[in-house]
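Novice: Quick one: the structure is below, questions incoming.
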Amino acid sequence: MINVQIYHVTMLETNCCYLVDEATGKAAVSDPGAQSKMLEAQIEKDGGKLEYVLLTHGHYDHICYAKQLANKYGAKIVTGKNNAVFLRNTELNGTKRHGIPFKPFEADILLEDGEKFKLGETEITYLYTPGHTSGCGIFLFDDIMLAGDLIFMESYGRTDLETGDDFNMMQSLKRVRQLEGDYTIIPGHGPLTNLEHERRFNPLMRRL
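Note that the working numbering has the sequence shown beginning at 36, numbered continuously upward.
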């Protein structure tokens, strides 16, 4: 079982999640687009047992503090294999367009679609869900979905940026819609929602 705390980072208020496995105290952080001193204070308070930095996709507002955070705590950066190019390409990740200083980096662990790994005693599943970018993926654990910019409350991620694709977005949403059961969805930005609500009210998902 994983406890989740959300910290808002960047001017776009990215939902940066701090995940702590209850049984072991081992921790991970998802999508650190910028530094959060409050988050780092909590990691320190909990003993600094940061195992992973998880990246749902490679846009600047989700990755810009990943390497610094990983280096500080000796954590491994984890993302999907199709997201690797975004971590080193300033045009794809948007830092060049927005004039944001950025030093390219590599992930330590590149996941295949459907691959599982453990944070402490809790199993986490990675699903490849392109559409917003060609490198997008989501992380599932317990009854939680870290959705990145795939799904928002009654909406979905834009597809008009580099490597975005309408057809892939529809296919990814269809796949998520067909998951068994319900999940609390933590999107990349904005309020939390749940999968059953999105099945009923998300304008694109309803048509799939």
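The beta carbon of each residue, even a glycine, is placed where N, CA and C say it ideally should be.
1) In the structure shown, what three-state DSSP assignment does E86 receive?
2) Considering just the uninterrupted stretch of the beta strand (DSSP E) at V44, what are its terminal residues?
3) Can you check which of these residues, M46, A62, D81, is closest to Q70 by C-alpha distance?
4) Taking 8 Å as the limit between beta carbons, can you name the residues of its chain near T160, skipping five residues before and five after?
5) Just verifying my parser: in three-state terms, what is the DSSP assignment at D147?
6) Residue range of the beta strand (DSSP E) that N50 falls in?
7) Of all the options E197, I179, D195, which has the alpha carbon lying nearest to the alpha carbon of G53?
8) Helix, strand or coil: which one does DSSP assign to F202?
9) Let me confirm a value: K141 is counted as buried when at least 16 other C-beta atoms fall within 10 Å, else exposed. Which label applies?
10) Check whether the region 97-114 and the region 58-67 are in contact - that is, three or more C-beta pairs closer than 8 Å.
Specialist: Taking the geometry as given:
1) strand
2) 37-44
3) M46
4) G149, E150, K151, F174, L175, F176
5) For the record, residue 147 in the displayed sequence is Glu; it is not Asp. Three-state DSSP puts E147 in coil, outside helix and strand.
6) Element bounds for N50: 49-56.
7) Before going further, note that residue 53 is Tyr rather than Gly in the sequence given. Of the listed residues, the one whose Cα sits closest to Y53 is I179.
8) helix
9) In the sequence under discussion, the amino acid at residue 141 is Glu, which differs from the Lys named in the question. When all chains shown are included, E141 counts as exposed.
10) yes
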